[in-house]
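Q: Chains as they are written, first to last, in this note's numbering: chain L, 981 to 1223; chain P, 7 to 294; chain C, 4 to 254.
Following this line, the structure appears as C-alpha cells:
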C-alpha cells in the first residue's frame, strides 16, 4: 500500500479505494478547509470584527499567526474563514477594486457598497465557488455599526452580529442569547443595534473565542479584535489556548 | 465517447445502466475501457468512465498522481538569516529512484526555494524562476526581487494552476533575506495555493515530525549554531520515521551577507551499534 | 528639389534610380546624432564604451543607460535614437529567453546576431514602418569564446574586432585601429576605450558620461557594467591623458 501526499495534508481521499484493489493514490481536491472562526458585532456607533489566528489543515496546524481580518477601506473590515487560498485571492481582488473605487470617486468605498460588491464577486464564481465564509463589518453612512454575513456563493444580509467558520455552531447561540434585539420589521421602527457598550461587546467577544477554543480544535492560538468607531480602527489581541 | 444510457426499466429504475444489466452495453463499455487501460485512473478496476466534452480529443489527462517525489523540507529562521534542509532523494513510489537530486534552488542572491512533491513539476517551476531571475539580471538596477516577492509570485502560480484543475504537485518552501526590511523571510506554499509565513516551516511528513520539535525548541534570536542543531535533530527524527527520506542531506543558509549557500551533501549521525543489530542471530539458537 | 533621387525618399519600398534606399540612409544619419559607442575584442573578452551625451544638468547621474544586458552572457551598447535602442534590446532579450526555453541552452552568438539582423531588416521592407534610427554593438560569449557584432539600421551585421558607431565614428575608428585586438586584456582595454571616448568627445557638445560595459573573465563570463572602481580609475586616467595632450598642444 502506497500513499503519497504532497502537502502533508488531508488531500487523501478514502473514496479512491477501488473495489478490492488496495492500491491507493494521493488524490486531489481543489479545496481545503483551513478552519478558523470569524465574528462581528455592531453597536450604535461602533463595530467590532474579530477572528482567531490559527490556520489548520486536517489535524495539523500550519501556522498560529494568520490574520483573517483585513482593512479593505477606512470604513470596511472583512474577515474570512474557509479555504485560505480562496480567501486571500478574494481579498486581493477586492482590495484592487476598492482602490479603483477610490480613484474613480475620490472617496473610499463605504461598507454598504463594499458588501454588495463582495456578494457580486462571490456569485460570479457560482459554479466554482470561492470556498470562503465571509463577514463584512463597518460603519454605514450614518456612522452606525453594520455587519454583513455571507454564504460562499454570495447570499448576504445585514445583521447586527454574526459568526462564521469552524466555531460558528458554538458561538452563534450565545450571540443570539445575548444580543438579539427588536425585529427590524416592527413599527414604529426601533433601533436594532446591539445594546452593549463597546467595552461590554469586547468582553463578550473575548469570552466567545475563549469558549469556542475550548471545544473546537480549529479555533485557538490568539484572537484579534479590530474595533472601529468614529476615532478610527484599533486592534486588540488576546492569546488563546494553543492546544 | 459512449453515451450514458438511461434505463427506463422499472426493475432497474431511473439513472445510468449499472454493470451486468445489459451485457451488450457492458461489452461496448469494455471495448472503450481497453483502449484506455493504461491511463491510471481509468484502468482495470476503476470506477471512472470515459468522459470528455470533445469526443475527438478522447480522454484528457492531467496530473492525477505524482510519480517521482521528494519528501519533507525543513526550515527555521534565526537571528541573522534562515537555514533550510532537505535530503537529496527523489522516490518513484517506494523505490529510491534518484539519490543525488538537489532539492533546493538558489534564486538570485537572496532567496532559496525548496520543494516537496513531484520532481518534474519543480523542474518546471525552476524554469519559471530562472526566467524571473533573468529579468532581474537585465534590469541591472541593484534591486532584485525580494524573497517575499518571489513567494507571492509562487503563490499565484500554484493557485492559478489549481484553478485550471491542473495542479503543480508540490509544496514549496521559500527562504531568504529581505534586504529591504532587513530581516529574514520564511514562507510556504501548498499545491492548491494555501500559503503562510512563519518562524519555522516544514512540508510533507515534516509537518508532523519536525514541526512539534520546532515549536518546542525554537526561540527568537537563535544563533546559527543553535538553529543548525535544532534542524539536524529534526532531520534525525524525520530520517528515522519517514521511509521516503534518506540520510544524505543538504543545508542552505541565507543571510544579509549576500549569496545564499547550499552545502555539500552530508549525513547525520545515526547510531545503529546496538548489539542485536550488529549480530542479530546471537540470541537466536538455531539461526544462521 | 532637383537631381537624382528626389522624391524617392519617402518610403523604404522604393529604390532611388541609383539604387539607394534613402530612408535607411537617413536612419544612419540619426545614428550619427547619438553619442559615440565603441567596442573592442580582447584576449579575454569584449569591452564596450558609450559616450552618453547628457541633455540636462538636472539628469540624475547613472540613469538613462545606453548599455544593457540581454541575458547573462550577452549585452548591447547602443546609440542613435534611445527609444529605438531600447526596442532593439527588448527584442534581443526576447530572442535570448526564447532560445533558452526552447533549446535549454544559451543562445549562440552568431544566432543572436543573425536573428537581430533579420529583425532590423524587416523594418526596411515595408511602407508602414520606419527603420530603426539606432545601431548597437552586441557583445556575447558562447561555447566558442567571446564575440562582438555591430548591427546597423539597414540590417547589416558585421562581426568585428574593433568598432565605432555614432558621432565622430571616423575619428574614433582611427584611434581604435591602433589597439591590439585579441591581445589586449579586458581590464587594460577599459582604460583604452575610456581614453578614446574622452579624446574624441567634441567640446562643443554638452556634458557627457562615459559608460563602460564588459563581458570577460573578470566578470566571470557574464555581461556586466564595469565595476565602479575599475571604471573610475579608467576615467581618471582618460582625463589625465586628455590634459597632457592639451598641454602639449599649448607648448
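All C-beta atoms in this analysis are idealised placements derived from N, C-alpha and C, irrespective of residue type, glycine included.
Between which two residues does the alpha helix (DSSP H) harbouring residue 156(P) extend?
A: Segment 153-169, the alpha helix (DSSP H) holding residue 156(P).
Q: Can you check which of these residues, 118(P), 280(P), 272(P) and 211(P), is closest to residue 76(P) by C-alpha distance?
A: The residue with the shortest Cα to Cα distance from residue 76(P) is 211(P).
Q: For residue 133(P), return the contacting residues in chain C, with the cut-off set at a CB-CB distance below 8 Å.
A: Those within 8 Å of residue 133(P) in chain C are 104.
Q: Where do the ends of the beta strand (DSSP E) carrying residue 267(P) lie?
A: 264-268 is the span of the beta strand (DSSP E), which, as asked, contains residue 267(P).
Q: Suppose only complete runs of 3+ residues qualify. What are the beta strand (DSSP E) ranges in the region 186-211 of chain C, listed by chain order?
A: For the region 186-211 of chain C, not a single whole beta strand (DSSP E) run of length 3 or above is found.
Q: Given this structure, state the Cα-to-Cα distance separating residue 143(P) from residue 120(P), to the nearest angstrom.
A: So the two alpha carbons sit approximately 22 Å from each other.
Q: For residue 1191(L), does the three-state DSSP call read helix, strand or coil?
A: Helix at residue 1191(L).
Q: Can you pull the chain C neighbours of residue 149(P), defined as C-beta to C-beta under 7 Å?
A: Under the 7 Å cutoff, chain C gives no residues; its nearest Cβ is about 14 Å from residue 149(P).
Q: Going by DSSP in three states, residue 73(C) sits in which element: helix, strand or coil?
A: Residue 73(C) falls in the strand class under three-state DSSP.
Q: Along the region 153-179 of chain P, where does the CB come closer than 7 Å to a CB of chain L? Name the residues.
A: Within the region 153-179 of chain P, the qualifying residues are 165, 168, 171, 173, 175, 176 and 177.
Q: Determine the direct distance from the alpha carbon of residue 1139(L) to that of residue 1172(L), and round the result to whole angstroms.
A: In a straight line, the C-alpha of residue 1172(L) is about 9 Å away from that of residue 1139(L).
Q: Among the residues of its own chain, which have a CB less than 6 Å from the CB of residue 1134(L), if the five just before and after it don't count?
A: Closer than 6 Å at the Cβ level, and outside the excluded window around residue 1134(L), lie 1099, 1102 and 1103.
Q: List, in order along the chain, the chain L residues whose C-beta lies closer than 7 Å to that of residue 198(P)?
A: Here the neighbours are 1010, 1012 and 1065.
Q: Could you check where the beta strand (DSSP E) with residue 137(C) kicks off and where it finishes?
A: Note, residue 137(C): beta strand (DSSP E), 137-145.
Q: Could you tell me whether the Cβ atoms of residue 205(P) and residue 175(P) are closer together than 9 Å?
A: No, the pair does not count as a contact, with Cβ atoms beyond the cut-off.
Q: In whole angstroms, what is the alpha-carbon distance linking residue 1205(L) and residue 1057(L)?
A: So the alpha carbons of these two residues sit roughly 11 Å apart.
Q: Which of the residues in the region 263-283 of chain P, read from start to end, lie with their CB under 8 Å from any CB of chain L?
A: Here the close residues number zero.
Q: Between the C-alpha atoms of residue 135(C) and residue 187(C), what's the straight-line distance to the nearest angstrom?
A: If I take the Cα positions, the gap works out to 33 Å.
Q: From residue 63(P) to residue 38(P), what distance separates their C-alpha atoms?
A: Residue placement at residue 63(P) is flagged as unreliable, the pLDDT there being 49, under the threshold of 50; a coordinate-derived value is accordingly withheld.
Q: So which residues of chain C does residue 143(P) contact, with C-beta pairs closer than 7 Å?
A: The answer, in chain order, is 72 and 75.
Q: Kindly list the residues whose CB is nearer than 8 Å to the CB of residue 285(P), restricted to its own chain and excluding five residues on each side of it in sequence; keep chain order.
A: If we look at residue 285(P) and ignore the five residues flanking it on each side, it has no Cβ neighbours.
Q: Could you tell me the distance, in whole angstroms, from the CA atom of residue 83(P) to the CA atom of residue 91(P)?
A: Those two C-alpha atoms are separated by around 12 Å.
Q: Apply the 10 Å Cβ neighbour rule to residue 1144(L) and answer buried if 16 or more other Cβ atoms are within range, or exposed otherwise.
A: It counts as buried.
Q: In chain C, what lies closer than 7 Å to residue 146(P) by C-beta?
A: Neighbours of residue 146(P) on chain C, chain order: 72 and 228.
Q: Could you name the residues of chain P that residue 1046(L) contacts, counting a contact when the two beta carbons are closer than 8 Å?
A: The answer, in chain order, is 202.
Q: Can you give the beta carbon distance from residue 1142(L) to residue 1020(L), rounded, assuming they're within the 8 Å contact cut?
A: Rounded, the Cβ-Cβ distance is 6 Å, consistent with contact.
Q: Please list, in chain order, all residues of the same chain as residue 1223(L) whose beta carbon is under 8 Å from its beta carbon, the five residues on each side excluded.
A: Closer than 8 Å at Cβ, skipping near neighbours: 1200.
Q: Taking C-alpha atoms, which residue in 86(P), 79(P), 40(P) and 74(P) lies nearest to residue 226(P)?
A: When only C-alpha atoms are compared, the closest one is 86(P).
Q: Would you say residue 1118(L) reaches chain A, if we count a Cβ-Cβ gap shorter than 9 Å as a contact?
A: As a matter of chain content, chain A is missing from the structure shown, whose protein chains are L, P and C.
Q: Do you know offhand how far residue 20(P)'s Cα is from residue 1053(L)'s?
A: Note that residue 20(P) scores a pLDDT of 46, beneath 50, so its modelled location is shaky; the value from the coordinates is reported in the next line. Between residue 20(P) and residue 1053(L), the C-alpha separation is close to 53 Å.
Q: Indicate whether the contact test is met: 3 or more Cβ pairs, each with one atom in the region 1073-1082 of chain L and one in the region 236-253 of chain P, closer than 8 Å.
A: The answer is no - the region 236-253 of chain P does not touch the region 1073-1082 of chain L, with fewer than three Cβ pairs under 8 Å.
Q: Classify residue 1108(L) as helix, strand or coil using the three-state DSSP reduction.
A: Coil, per DSSP.
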